[in-house]
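All the letters of the sequence shown, read from the start, carry residue numbers 1338 to 1583 under our numbering.
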Amino acid sequence: PATTITIPVYVHVIYSTSQQNISNAQIQSQIDVLNKDFRAQNSDKNSTPSEFASLIADFNIQYSWNTNNLIRKASSKSSWGTNDAVKNSKRGGSNPVPGYLNIWVCNIGGGILGYAQFPGGSASTDGVVIGPEYFGSSALGSNFYLSAPYDLGRTATHEIGHWLNLRHIWGDGGCGVDDYVSDTPMSDGPNYGCPAYPTVRCNSSNMTMNYMDYTYDGCMYMFSTGQKERSRAIFAPGGPRADFVS
Ligand code: ARG
Ligand code: ZN
Ligand code: CA
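What follows is the structure, given as structure tokens:
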């Protein structure tokens, strides 16, 4: 089995309303979801159809966070878009802290739940950005500021999937456009909501329950073995995230 990789997390909460200034408990609930999902310890993985059950992967990646690794910053800016201003103190945001997976929690706007930077990009913008009402799990606490059906913490699982080099399972293109993972069946676009099984596209039964599709939080519950191999390769010597395993 692969060795455990533990990734320290730094959280930046940038808020323009008190609701957006989410509690430490809500942040912790998100960390707890990540530590289940990336070890295939989430109980909903048992819903995976037998066709795909043998492909469920334990990434053996864990996330460590405590309240010292947290910045809270009030801002008059009510939506941040995807231009990375939130990652820059000169633009009203908060600079990334080196050596961490940086997560900015702020309202993005435009119906966007989150976005991520792939490995190999600029350190000044590396990390993921997630809306406050999609960060954390309503299954792990009460009085959290969360918005169903995206209230189970899977936006962070998905965005960190990108940060770990994973593409959407449809490869962001039509049939024949690859996600560079051989065990995720071909698709030609996102699946939404809670798809019926089987959902056939490109003559393939789609792995709609994969975290790298676009379904509801409660309807995505697995990564594949091929995704694990692709992700963990970035931590190898010389790889773009090798520094996390030194
Ligand atoms: N980048 C995607 C979006 O903003 C994230 C989708 C996450 N999906 C989810 N079920 N949480 O649309
Ligand atoms: Zn995505
Ligand atoms: Ca594939």
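Yeah, the Cβ is synthetic: ideal placement off N, Cα and C, and Gly gets one too.
Straight-line CA distance for residue i to residue j?
{"i": "residue 1514", "j": "residue 1503", "result": "14 Å"}
{"i": "residue 1426", "j": "residue 1354", "result": "19 Å"}
{"i": "residue 1530", "j": "residue 1581", "result": "35 Å"}
{"i": "residue 1473", "j": "residue 1419", "result": "21 Å"}
{"i": "residue 1395", "j": "residue 1518", "result": "16 Å"}
{"i": "residue 1476", "j": "residue 1483", "result": "11 Å"}
{"i": "residue 1359", "j": "residue 1498", "result": "23 Å"}
{"i": "residue 1508", "j": "residue 1547", "result": "13 Å"}
{"i": "residue 1345", "j": "residue 1448", "result": "29 Å"}
For residue i, verify whether its CB is less than 7 Å away from any heavy atom of ligand 4.
{"i": "residue 1428", "result": "Annotation note on ligand 4: not contained in the displayed structure, which lists ligand 1, ligand 2 and ligand 3 as its ligands."}
Taking C-beta to C-beta, are residue i and residue j nearer than 8 Å?
{"i": "residue 1397", "j": "residue 1485", "result": "no"}
{"i": "residue 1446", "j": "residue 1465", "result": "no"}
{"i": "residue 1571", "j": "residue 1489", "result": "no"}
Mind checking who residue i pairs with in its DSSP beta bridge?
{"i": "residue 1439", "result": "1347"}
{"i": "residue 1548", "result": "Answer is none; residue 1548 lacks a bridge partner."}
{"i": "residue 1489", "result": "1474"}
{"i": "residue 1561", "result": "1393"}
What does the Cβ neighbour count give for residue i, buried or exposed, with the cut at 16 atoms within 10 Å?
{"i": "residue 1343", "result": "exposed"}
{"i": "residue 1379", "result": "buried"}
{"i": "residue 1524", "result": "buried"}
{"i": "residue 1403", "result": "exposed"}
{"i": "residue 1468", "result": "buried"}
Inter-stretch contact (C-beta, 8 Å, three-pair minimum) for the stretch 1548 to 1560 and the stretch 1404 to 1422
no
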